[in-house]
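Chains as they are written, first to last, in the working numbering: chain E, 5 to 797; chain U, 5 to 797.
All C-beta atoms, glycine included, are put in the ideal place defined by N, C-alpha and C.
On a predicted model such as this, the values are computed, not experimentally measured, just so you know.
Next up, the structure:
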């Protein structure tokens with residue numbers, strides 16, 4: 005699977021073009037940006053989860069000889085920048101003025117000559133706090149006597165943010181009322197952190213002479229950031245340049261505008277110098293975008309022989325102190341898109357209640373495409389709970405209920421249309437690759453042996469995602485529609501430069517997109533450079549998250565390359581003196597129909613376009629093109645995963661023995677990059693299932709603010725992945741591709757948890773929440789499972 | 005004339021946007037570029053005009069402790085880079101291998117840690133030369149026994165480069181044979197230097213990891229440079245980024261690719277570090293592109309009453325040792341476009357012979373649009389010679405022969421079509437502004453007085469230019485057609501960024517082009533940023549020279565803005581739910597025909613385009629557009645100039661008392677910028693007419709390699725200009741503009757020389773060549789004029 009052939013002209017395995025600089029240490033990350041006269045900023049953060057600010061004394065910090073500026077909420081109030089809009093119809097404090105609302109919240113910003121002085125000066129700021137009771141459990145936040153966290157918001161008398169529902173509640177209730185079998189289960193998806201390798205940071209450089217603000221920051225959505233800065237700060241949009249250089253991982257953590265960015269900008273404006281701000285690990289883990297934190301109750305109505313009839317879901321969603329990203333403002337969240345998973349149900353209903361708590365803002369799109377991860381986990385857990393209650397084989401139960409190929413395009417109970425799929429084929433392939441029958445036989449033999457050795461568990465999950473936000477008519481961020489631009493410029497020698505609105509945080513855009521152009525124009529991928537991550541150089545678009553790069557921007561790239569090809573046809577027609585309609589395309593070349601020898605390569609055509617060749621009226625002398633792609637629908641990748649675990653009954657330690665992953669993301673542009681994405685996501689799933697948890701104590705103190713406390717999987721915890729694929733092209737995508745960036749993260753946690761539950765079945769364990777740490781598993785075996793949402797035993 | 009109103013929405017006077025940074029010293033010129041680890045290069049130049057290279061010993065230089073590399077022609081031969089193509093179908097030595105062919109020719113390149121070490125090390129290089137006889141006079145270069153300069157070229161047995169002819173020779177000869185009056189005059193346009201304030205230089209930075217070459221160089225044609233580097237050096241075109249940052253004047257001097265650029269590139273490749281090379285003044289004056297050096301013989305056939313019937317011209321053009329830029333390869337040079345000037349003649353013929361001499365390569369487009377300056381000077385000198393011989397008033401003689409408005413579009417004897425003009429009106433206005441009758445009366449009175457005070461002279465010139473190269477079907481550079489691209493991106497808030505292929509060397513593109521977009525879209529010019537001078541950021545085009553920016557790229561800008569406007573109409577139609585055809589445009593706004601209140605501003609439309617507004621099929625959600633403009637014809641600006649001089653008969657000192665300049669460049673986008681261009685060009689004319697000369701001794705030693713020897717006019721030598729205008733829009737240009745960058749330089753020398761000759765008329769002086777230095781004028785009065793082409797008295 006890892007053979008790399010010569011770079012193909014088009015789709016196929018090739019090494020990533022960007023790796024030449026990465027493996028030589030020649031990448032340029034935000035912290036590599038050093039400008040003449042640059043100053044350094046540091047953020048003073050709240051030690052309390054909830055407290056009133058009585059006073060802030062910055063005199064001693066101001067007096068520090070190497071300090072250039074101390075900025076507080078009061079400074080920002082003067083600039084009308086103390087509060088800023090989030091991307092989800094809420095406001096957020098840049099620097100706290102009235103209260104602090106989570107531990108780690110930004111209170112002041114020091115700008116100094118170097119990092120050390122800035123950090124030292126933080127300790128010279130004297131903030132007097134009046135502590136308030138903290139609300140940490142989302143369910144308790146809805147109690148009538150819970151302290152009101154967002155008393156800054158007019159008319160906000162409680163901690164309730166929204167109630168959203170999707171599906172047909174009455175029809176669902178009716179099915180439940182008549183169901184032979186109803187199973188119910190509370191399922192928690194605990195708060196986790198995307199934890200990218202590189203923390204968040206920015207270098208802001210405001211030039212008072214030209215009025216130009218340049219900000220290097222490792223955002224996943226540079227254009228959206230620019231427009232928001234323009235709308236909020238009143239800076240003209242064309243005078244703002246957001247550069248997202250090489251980025252060391254995003255995973256949703258780098259979508260929001262963090263207060264540090266705004267502080268760096270203000271710091272540059274007030275000092276007249278460039279200002280760098282860079283989080284340390286603890287700041288990143290404590291204060292920036294978390295994910296999940298969903299308290300879910302799932303109910304399944306079924307027939308006694310395992311035919312699923314309806315699904316009813318209730319969710320309490322913990323959004324922390326400010327409602328951050330990834331809550332589309334116009335249409336119910338992605339959770340709704342696929343909460344019925346891959347199954348054919350008569351009716352379904354889901355209600356989600358969003359609440360404020362005294363935690364850092366949650367809701368970042370950590371491989372969740374607006375909560376698809378939570379939905380996929382819930383339904384796959386519920387299937388296994390149903391199998392447990394009915395004592396059915398979970399593979400058979402799934403096969404019985406999966407949507408059939410002939411049902412596509414499939415209208416979901418919440419109004420979406422799954423584009424394409426052959427689900428039974430993917431599951432069959434996974435079962436076959438795993439040797440499912442043999443595994444079950446091995447398990448049965450082991451159980452029968454009465455050994456006190458490891459408990460074997462086999463877990464299955466089958467997931468469907470809905471990725472590629474847009475379509476713009478259904479979604480927006482602050483009114484900006486979900487569409488993405490692409491520009492393709494072809495130089496006289498036929499070398500091409502593609503400019504895209506989306507931006508890589510490690511996904512390999514410079515390779516994948518070059519391959520799309522290569523495929524469409526028939527030129528080597530090395531002849532195509534891809535420019536991204538710089539708003540001055542690229543067309544508008546909403547960024548890379550929710551697996552949307554290939555579904556949206558990849559489509560834009562194919563479309564713009566086809567425009568170039570059509571331009572080339574016009575020029576070739578002038579070169580060959582034949583009607584454009586008489587030309588046929590073969591990879592890299594237009595030729596005269598019926599006379600294949602008579603033709604011109606795209607390189608020859610490019611030079612001719614820029615030469616003194618006379619062209620017909622209306623045909624311009626270039627091949628360049630521009631487009632914006634507004635996807636007509638989401639794309640629906642899917643997959644079947646099988647995980648085999650061994651659980652040590654004495655310690656509760658889980659070892660993932662095997663992991664089979666069959667993914668269908670439609671057409672694969674570079675299978676090696678797809679597999680890399682899958683590898684990473686599978687590791688994510690092991691991490692979330694077995695070890696990752698951002699825990700809080702009852703006062704709202706964050707207990708996971710270092711990698712000593714917040715555990716991530718390493719290669720030691722991962723088996724050698726066994727990957728398979730089916731290919732069901734998306735019918736509405738120009739090259740038939742679907743997104744794959746989040747698939748494995750979405751699909752894998754349930755497989756691991758289901759495997760552990762399967763191992764524990766002989767002990768009567770029906771469900772235990774993630775993360776399945778050794779202590780937790782051991783206690784589940786003992787019949788006393790931990791609560792994992794709080795660090796309370 | 006100098007009132008500046010508020011920045012207009014569209015055309016009108018406004019301060020230049022770029023000046024905010026220039027007046028604060030915040031421009032970034034090549035020499036301001038400092039990169040980490042940057043090294044410095046210096047060029048060893050030949051002391052001989054013609055010599056064989058026997059040997060080059062670089063050992064001592066190599067041993068210098070701060071020297072990193074010494075590059076010779078031998079080094080380059082290994083890279084196949086010792087010779088490079090010029091832009092005019094010739095080759096040029098990058099570093100001399102066989103012979104040196106002009107004084108100042110590049111022989112070796114030292115790369116060192118700093119400039120001082122690089123310069124010091126030059127003196128450690130030991131070159132053994134075998135001097136050869138030099139050929140300095142172009143006419144002597146054609147002698148059969150003249151030493152052959154270009155013995156490197158196969159089949160080149162003499163110094164002859166080309167013979168070109170234009171017009172109908174037989175018809176012309178026939179008219180001459182039957183003419184009542186024939187006048188003839190040898191006229192020299194001596195070798196001058198554009199002498200921009202900033203000398204040429206480059207910083208080359210080759211990244212071996214990414215294969216990307218970035219070269220900052222102050223070129224006037226970054227895209228052409230990039231393509232040539234790609235074609236010559238075999239570097240992929242998309243891996244070359246040419247950045248022409250702020251540039252301190254070009255005037256044609258910065259069109260060619262100089263050996264220093266190539267050496268800096270090679271230096272960066274061999275050292276792995278960025279390498280800066282920057283000429284000093286002496287290098288710039290001695291070795292880089294010169295202009296003019298035309299030995300011309302003009303003959304006019306006329307009737308006795310001053311009706312011009314035919315023109316016959318023979319030119320020996322001195323191109324120096326390598327045939328450089330500004331010799332279009334496909335069509336006779338610009339000299340031919342307008343060598344009959346602004347006059348209605350029955351027949352005309354011109355023959356040009358190009359020759360090699362042992363001088364630095366000439367032929368740069370120093371305000372000459374491919375030799376228009378020489379042609380305009382010759383015809384205007386010939387008119388005055390005819391007036392002298394016929395004893396007619398030169399104003400009346402011109403008025404009698406000028407083309408009439410009804411003759412436009414006017415097919416010239418060499419096949420071009422003058423686009424539009426009202427010549428008599430422009431001349432009448434100039435005569436009126438000057439108070440011509442009163443001036444003549446004053447002159448007559450002075451002459452009659454017998455005073456030995458200053459001699460008063462009144463000189464007229466009427467010029468027609470042909471500027472704006474393309475059209476691409478008639479011209480190319482190395483096969484690249486003369487067309488220019490423009491891209492216009494409109495941000496969601498309606499702020500716009502225009503990317504243009506041409507590049508400013510001080511012309512004010514950032515203002516003028518913003519005004520064109522402002523005019524077309526009805527938005528403030530401050531809402532439009534203009535990006536230029538960076539091949540990575542801008543569409544392909546052939547650069548700024550030959551007054552072609554506004555005629556070609558300005559047209560592209562208007563066209564692309566109109567495309568944006570049409571896109572906006574589509575979006576507005578969706579917003580207002582009316583048919584696009586029912587919308588009317590008023591500045592900045594589409595409204596419903598018949599209901600002006602129902603409309604949307606361009607800013608509202610831009611936001612809606614990027615919003616979740618649903619758009620009809622085929623309408624993309626953005627307003628961005630791209631174009632390339634291939635001009636259908638040249639534009640033909642013209643003007644009438646009147647110069648009044650006082651000549652001191654005792655010293656020969658000329659004082660320009662008044663200068664009236666009526667220019668017609670069609671529609672004026674920013675009249676203040678137009679006037680600035682005219683001011684500069686008029687000063688040029690005074691310089692060339694009175695003081696500028698690159699002289700050589702008989703051995704080819706350059707005698708003008710410092711500003712002590714090569715004199716330029718200052719404000720002390722210039723009167724307060726009196727400007728007037730007529731406006732005859734170009735019918736084929738989208739906004740009716742013609743080029744104006746070179747007009748005054750083209751038109752003014754003849755006015756000054758004619759004025760001096762007019763002053764000297766009582767002494768029987770019919771013609772003396774430029775520059776009319778005091779010594780020269782004094783000797784002309786004495787009946788012993790100097791030869792000015794050689795520094796030989």
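*List the residues that DSSP assigns as beta-bridge partners of residue 135(U).*
According to the DSSP secondary-structure assignment, residue 135(U) is paired through a beta bridge with 55(U).
_Ordered list of alpha helix (DSSP H) runs contained in the segment 494–560 of chain U, each at least 4 residues_ = Taking only runs of at least 4 residues, the alpha helix (DSSP H) segments lying wholly in the segment 494–560 of chain U are 513–525.
*So, does the CB of residue 632(U) fall closer than 8 Å to a CB anywhere in chain E?*
Put simply, the CB of residue 632(U) is near chain E, with a gap under 8 Å to one of its CB atoms.
_Nonlocal neighbours in the same chain, by C-beta distance under 8 Å from residue 81(E), ignoring five residues either side_ = Same-chain partners within the cutoff: 101.
*Use the C-beta contact count for residue 610(E): other C-beta atoms within 10 angstroms, 16 or more gives buried, fewer gives exposed.*
It counts as buried.
*Compute the Euclidean distance between the alpha carbons of residue 28(U) and residue 64(U), then round it to the nearest angstrom.*
Residue 28(U) and residue 64(U): Cα-Cα distance of roughly 44 Å.
*In DSSP terms, what residue 460(E) is bridged to*: Its beta-bridge partners are 650(E).
_By the 8 Å beta-carbon criterion, what residues does the segment 532–548 of chain U contribute toward chain E?_
For the segment 532–548 of chain U, the set of residues with a beta-carbon nearer than 8 Å to any beta-carbon of chain E comprises 532, 533, 535, 540, 541, 543, 544, in chain order.
*Going along chain U, which residues have a C-beta under 9 Å from residue 91(E)?*
Those within 9 Å of residue 91(E) in chain U number zero; the least Cβ separation is about 14 Å.
_So, for residue 336(E): in the same chain, excluding its five sequence neighbours on each side, which residues have a beta-carbon less than 6 Å away from its beta-carbon?_
Residue confidence for residue 336(E) is low, a pLDDT of 49 falling below 50, so the modelled location carries little weight and cannot support an answer.
*asked:* For a cutoff of 8 Å on Cβ pairs, would you count residue 250(E) as touching chain U?
replied: No - not a single Cβ of chain U is within 8 Å of the one on residue 250(E).
_Inter-residue CB distance, residue 686(E) and residue 700(E) (contact presumed, cutoff 8 Å)_ = The Cβ separation is near 28 Å, so there is no contact.
*Provide the residue span of the beta strand (DSSP E) that contains residue 72(E), from first to last.*
Per DSSP, residue 72(E) is one residue of the beta strand (DSSP E) stretching across 71–76.
*CA-CA distance, residue 390(U) and residue 304(U)?*
Between residue 390(U) and residue 304(U), the C-alpha separation is close to 8 Å.
_Taking a contact to mean a Cβ-Cβ separation below 8 Å, would you say residue 503(U) touches residue 528(U) in this structure?_
The beta carbons of residue 503(U) and residue 528(U) sit no closer together than 8 Å.
_Span separating the alpha-carbon of residue 483(E) from that of residue 153(E)_ = Those two C-alpha atoms are separated by around 27 Å.
*asked:* Less than 8 Å between the beta carbons of residue 321(E) and residue 357(E), yes or no?
replied: Against a cut-off of 8 Å, the Cβ pair of residue 357(E) and residue 321(E) comes out as a contact.
_Closest Cα partner of residue 83(E) within the set 18(E), 269(E), 34(E)_ = Restricting attention to 18(E), 269(E), 34(E), the CA atom closest to the CA of residue 83(E) is found in 269(E).
_Against chain U, with Cβ distances strictly below 8 Å, would residue 625(E) count as a contact?_
For residue 625(E), the answer is yes, since a Cβ of chain U falls inside 8 Å of its Cβ.
*Under the assumption that residue 464(U) contacts residue 447(U) (Cβ atoms under 8 Å), give the Cβ distance between them as a whole number of angstroms.*
Approximately 13 Å separates the beta-carbon atoms of residue 464(U) and residue 447(U); this is outside 8 Å, ruling out the contact.
*Listing by chain order, which chain U residues have their CB less than 7 Å from the CB of residue 807(E)?*
Limits of chain E in this structure are 5 at one end and 797 at the other, which puts residue 807(E) out of reach.
_For residue 250(U), the nearest candidate out of 608(U), 537(U), 682(U) (CA to CA)_ = Relative to the Cα of residue 250(U), the nearest Cα in the group 608(U), 537(U), 682(U) belongs to 537(U).
*asked:* Helix, strand or coil, according to DSSP, for residue 725(E) in the structure here?
replied: In the three-state DSSP reduction, residue 725(E) falls in the coil class, being neither helix nor strand.
*asked:* Measuring straight from C-alpha to C-alpha, what distance separates residue 548(U) and residue 507(U)?
replied: As the crow flies, the alpha-carbon of residue 548(U) is around 6 Å from that of residue 507(U).
*For the segment 208–247 of chain E, which segments carrying the alpha helix (DSSP H) assignment without a break, of at least 4 residues, lie completely within its bounds, in sequence order?*
As far as the segment 208–247 of chain E is concerned, its whole alpha helix (DSSP H) runs of at least 4 residues are 226–237.
*Answer with buried or exposed for residue 539(E), where buried requires no fewer than 16 other C-beta atoms within 10 angstroms of its C-beta.*
It is buried - the Cβ of residue 539(E) has at least 16 other Cβ atoms within 10 Å.
*May I ask you to report which of helix, strand or coil DSSP gives residue 388(E)?*
Here residue 388(E) sits in helix by DSSP.
*Can you pull the chain E residues whose beta carbon is under 8 Å from the beta carbon of residue 213(U), in chain order?*
Going along chain E in sequence order, the residues near residue 213(U) (Cβ under 8 Å) are 24, 25, 28, 30.
*Evaluate residue 746(U) with the Cβ neighbour count: other Cβ atoms within 10 Å of its Cβ, from every protein chain shown; 16 or more gives buried, anything less gives exposed.*
Result: buried.
*Drop a sphere of 10 angstroms on the beta-carbon of residue 144(U), count the other beta-carbons inside from all chains shown, and report buried for 16 or more, exposed for fewer.*
With fewer than 16 other beta carbons inside 10 angstroms of its own, residue 144(U) counts as exposed.
*Quick one: does residue 628(U) have its CB under 8 Å from some CB of chain E?*
The Cβ of residue 628(U) sits closer than 8 Å to at least one Cβ of chain E.
*asked:* Output needed for residue 425(E): all residues of its chain with C-beta closer than 6 Å, excluding positions within five of it in sequence on either side, in chain order.
replied: For residue 425(E), where only same-chain residues beyond five positions count, the Cβ hits under 6 Å are 412, 642, 732.
*Could you name the residues of chain U that residue 497(E) contacts, counting a contact when the two beta carbons are closer than 8 Å?*
Ordered by position in chain U, the residues that pass the 8 Å Cβ test against residue 497(E) are 231, 234, 235, 240, 241.
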